[in-house]
Amino acid sequence: MIIDVQNDYFPGGANELKNPLEAEKRILSLISESRKNSRPIVYIQHINPPDDYFFLEGS
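If you read the sequence shown in the working numbering, its first letter stands for residue 10, the second for the next number, and so on.
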């Protein structure tokens, strides 16, 4: 299970986290393994109102 991965957590994003690229490698590996084993993958995107500063539509 992978929860709460959004572009704003990565370099150039509004809320960059520590070592997001290392986490991304692990996440991509987990997604690949899930696909190989026919496990369901569900994507959800949190979008804030336009007057907020992060998780904006298109980010």
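Glycine included, C-beta positions come from ideal geometry on N, C-alpha and C.
In three-state DSSP terms, what is Ser47?
coil
With a Cβ-Cβ cutoff of 8 Å, do Ile50 and Ser43 count as a contact?
A contact, by the Cβ cut-off of 8 Å.
Is the CB of Ile53 under 8 Å away from at least one CB in chain B?
Protein chains in the displayed structure number just one, and chain B is not present.
Would you check if the distance between the CB atom of Asp13 and the CB atom of Ser68 is smaller than 8 Å?
no
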